[in-house]
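Engineer:
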Amino acid sequence: MPESAIVDHESRQHVRSALATGDGIVREGADWTDFEEWFDRRFPELCKLFHGLYGVREDWLAQLTALVVQAARSWSERPAELKSLDAERATNPDWFQSDEMLCGEAQHSGGNRLDKLRSEPR
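Note that this note's numbering has the sequence shown beginning at 746, numbered continuously upward.
1. So what does DSSP say about V801, is it helix, strand or coil?
2. In three-state DSSP terms, what is G774?
3. Are A775 and V814 closer than 7 Å when you measure CB to CB?
4. Exposed or buried, L806, counting other C-beta atoms within 10 Å across all chains shown (16 or more means buried)?
5. Taking only the alpha-carbon atoms, compute the straight-line gap between R834 and K828 and give it to the nearest angstrom.
6. Cα separation between L794 and D785?
7. Please check the pair F788 and R757, which I expect to be a contact at CB under 8 Å, by giving their CB distance rounded to whole angstroms.
8. So D831 is in the alpha helix (DSSP H); what residue range does that whole segment cover?
9. If H759 sits next to T810, beta carbons under 8 Å apart, how far is it from one beta carbon to the other, in whole angstroms?
10. Restricting to Cα atoms, I'd like to know which of R818, D779 and G797 is closest to G769.
11. Classify F780 as buried or exposed, calling it buried when 16 or more other Cβ atoms lie within 10 Å of its own Cβ.
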């Protein structure tokens, strides 16, 4: 078995154990199922990238575990309307390039300066 597969399997088991016992994590319902699906889909790449950056440190796995546990806590606390927005954006990876985002940027940068946006060349 390649070393990366061993690291991934051992790391996954370690993080899963921490998720099972970590405080402040709601482990029930559709929200937890969504987080577990995210974890299963994203963990191999996250582990690979994290190990590539911090694998020389003795505590790299503890740090990775802390990161994932905090992500689970944050997901548990995230308001339902933002989770819904996350799900919508996951189906449209180019959401940030939409015309609606230009409107949001115009509001952020002063809103009353739309005439400036219209007069600038594109």
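We put the beta carbon where it would ideally sit given N, CA and C, even for glycine.
Structural biologist: Taking the geometry as given:
1. coil
2. helix
3. no
4. buried
5. Cα-Cα distance, rounded: 10 Å.
6. Roughly 15 Å separates the two Cα atoms.
7. 6 Å
8. A825 to A835
9. 6 Å
10. R818
11. buried
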